[in-house]
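Have a look at the structure below, then the notes.
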Amino acid sequence: MVQDRRPAAPHQTNVYLTIDTEYSAALFRMLGEAGRAENFARSILGRTPAGDAGIRYQMDVLDRHDLKAVFFVDPMPSLVWGQRAITDVVEPILARGHEVQLHLHTEWLAFARHKPPISRTGPDMRDFTRAEQRQLISWGIDALVAAGVRRPTAFRAGNYGANDDTLAALSEVGIGIDTSHCPGIADSKCDISLTQWHLSPLLHCGVVEVPISAIRGFGDTLRHAQLTALSHAELVAALRFAVETRAQCITIVSHSFELLSRDRRRINRILQRRFEALCRSIAAIPGCRTETYRSAPPVAEPPGRSSPAAAALPHSPVRTGLRMAEQLIGNRLYGA
4 MVQDRRPAAP HQTNVYLTID TEYSAALFRM LGEAGRAENF ARSILGRTPA
54 GDAGIRYQMD VLDRHDLKAV FFVDPMPSLV WGQRAITDVV EPILARGHEV
104 QLHLHTEWLA FARHKPPISR TGPDMRDFTR AEQRQLISWG IDALVAAGVR
154 RPTAFRAGNY GANDDTLAAL SEVGIGIDTS HCPGIADSKC DISLTQWHLS
204 PLLHCGVVEV PISAIRGFGD TLRHAQLTAL SHAELVAALR FAVETRAQCI
254 TIVSHSFELL SRDRRRINRI LQRRFEALCR SIAAIPGCRT ETYRSAPPVA
304 EPPGRSSPAA AALPHSPVRT GLRMAEQLIG NRLYGA
């Protein structure tokens with residue numbers, strides 16, 4: 004009998020490039036209900052006198068490199084401005100073939116003009132009962148679907164402020180993926196009962212929890228994989244490490260307004276170049292490819308598949324030092 008000696012297919016690490024896409028509650032407090040157009044321009048389009056650096060610009064860069072992103076869109080501002088405020092956000096994303104999933108910033112409940120899904124208010128999902136969270140999530144699903152989005156299959160809490168009740172509520176309404184656990188932020192608002200060393204997708208409270216990826220810092224600390232938190236060199240090293248260790252996926256976070264200065268009036272050229280370089284690198288590194296929660300849903304990994312420490316890129320004092328120097332320059336140029 005002749006054995007099949009075909010080589011095994013090369014390993015691929017799925018890159019979930021996620022962009023939290025949201026109006027600014029802080030700008031709403033400053034500008035009020037009449038400021039929707041300016042809030043949209045500054046928070047969603049990233050509009051500045053030097054050009055745009057928001058979602059349309061980000062999609063231009065993504066499309067240039069044939070990459071796909073997941074846009075976690077917050078529909079809560081429709082409680083103030085109506086459905087059109089959300090349709091304006093999701094239409095260009097869907098038209099370009101990227102994915103929209105559910106994001107909720109519950110601080111908008113305090114500003115609601117239209118009928119809110121629940122009577123209480125609170126800054127984070129964790130501030131509500133399981134039943135209330137189920138109502139909020141169901142309302143969010145309906146709001147996105149009304150804007151033309153396919154029924155969401157994944158969720159991220161605003162401010163990462165989820166707890167175990169959030170996951171149970173997601174399971175009850177049929178959303179099977181959550182990505183609110185952020186091990187790399189020690190003081191985050193996440194109250195999900197996982198540790199900083201839960202770094203790979205796992206089944207928890209009825210859903211597949213997909214942690215925000217992280218790299219090791221000094222000592223036993225972790226630093227989360229966000230465009231503002233890691234340098235291009237650190238992100239590339241994390242991508243290569245994920246492929247080398249045959250990781251199922253790596254999750255990177257950005258925001259619709261992330262390429263702007265802190266006051267959202269100027270383009271942060273350091274972050275703009277970092278985003279462009281990251282997209283070039285994802286396209287060029289063998290073994291990694293952007294996927295979405297629909298094209299390649301994450302799978303819960305068996306307990307004990309690998310040691311927790313092995314799931315995070317080892318610390319490099321050189322990379323850390325270079326990033327800190329770059330951040331110092333960026334803070335001076337674009338706001339602390």
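With the working numbering, the residue at position 178 of the sequence shown is 181, and numbering never jumps. Glycine included, C-beta positions come from ideal geometry on N, C-alpha and C. On a predicted model such as this, the values are computed, not experimentally measured, just so you know.
query                                                                                                            : result
Range of the contiguous beta strand (DSSP E) that encloses Ala-314                                               : Run containing Ala-314: none; DSSP gives neither H nor E here.
Cβ neighbour criterion (16 or more within 10 Å) applied to Ser-310                                               : The predicted model places Ser-310 with a pLDDT of 48, which falls under 50 and marks its position as unreliable; any figure quoted below should be read in that light. Under this definition Ser-310 is an exposed residue.
Cα-Cα separation between Gln-15 and Phe-114, rounded to whole angstroms                                          : 44 Å
His-258 (DSSP reduced to helix, strand or coil)                                                                  : strand
7 Å CB neighbourhood of Ala-149 in its chain, flanking five on each side removed                                 : Gln-86
beta-carbon Leu-202 near the ligand MG non-hydrogen atom, thresh 7 Å                                             : Ligands in the displayed structure: none, and consequently the ligand MG is not present.
Integer-rounded CB distance, given that Thr-156 should sit under 8 Å from Tyr-296                                : 5 Å
Segment contact flag, the segment 123-130 with the segment 60-75, C-beta cutoff 8 Å, min 3 pairs                 : no
Own chain partners of Leu-173 with C-beta closer than 7 Å, once the 5 adjacent residues on each side are dropped : Ile-140, Phe-158, Asp-181 and Val-210
Stretch pair the segment 215-229 + the segment 93-109: three plus CB contacts closer than 8 Å                    : no
Ile-47 and Ser-257 closer than 8 Å at C-beta                                                                     : no
Three CB pairs or more closer than 8 Å across the segment 315-327 and the segment 279-297                        : no
Candidates Asp-223, Gln-199, Arg-277 and Glu-25: closest to Val-213 by CA position                               : Gln-199
N- and C-terminal bounds of the beta strand (DSSP E) containing Arg-219                                          : 217-219
Rounded C-alpha distance that separates Leu-336 from Glu-135                                                     : 43 Å
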